[in-house]
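Here the structure is laid out as structure tokens; the discussion comes afterwards.
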Amino acid sequence: MSSCPGKIRATNVNHVTIGQKYCMWLSLDGSQGIAVEIIGWRLSSNPTQPVEAPTQLKGMDPNYILLVKEISTGNTLTITDTHDNGGAMYYKTKRATFHEI
Numbered sequence: 002m003s004s005c006p007g008k009i010r011a012t013n014v015n016h017v018t019i020g021q022k023y024c025m026w027l028s029l030d031g032s033q034g035i036a037v038e039i040i041g042w043r044l045s046s047n048p049t050q051p052v053e054a055p056t057q058l059k060g061m062d063p064n065y066i067l068l069v070k071e072i073s074t075g076n077t078l079t080i081t082d083t084h085d086n087g088g089a090m091y092y093k094t095k096r097a098t099f100h101e102i
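As structure tokens, then:
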């Protein structure tokens, strides 16, 4: 990870655009950023079948996942939600926010 420039204000993650590039900040810190491209939304029960983005994150089904491609490596990263986090999204154990590049 390295510093990733992006707008200070985070994008509402359920409104990210497929194919658009963003700086994904980890733990609300731009110095822990990863440049990513949005692949799309999936359900954990069927990760190959695209689904529409949830209309809201707070209280959304925790089976939704957001797939992004790490631009520098081409790796696919899985961003998830949990029941009790108020709609925040996580990459591994770190909160992920998306900032327009």
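Numbering of the sequence shown is given in this note's numbering, commencing with residue 2 and proceeding in unit increments. Where is the CB? At the ideal position from N, CA and C, for every residue including glycine.
Check, Outcome
"Chain-order list of residues whose beta-carbon lies under 7 angstroms from that of THR77 (same chain, five-residue window excluded)", "ILE40, LEU68, LYS70"
"Limits of the beta strand (DSSP E) - the one that ASN47 falls within", "47-52"
"Residue nearest to ILE66 in terms of C-alpha spacing, selected from MET25, ASN13, ALA97, SER45", "SER45"
"Under the three-state DSSP convention, the category VAL17 falls into", "coil"
"Residue from ARG43, ILE9, THR79 with nearest C-alpha to ASP30", "ILE9"
"Three-way DSSP call (helix, strand, coil) for ASP62 in this model", "coil"
"ILE72 and ALA36 closer than 8 angstroms at C-beta", "yes"
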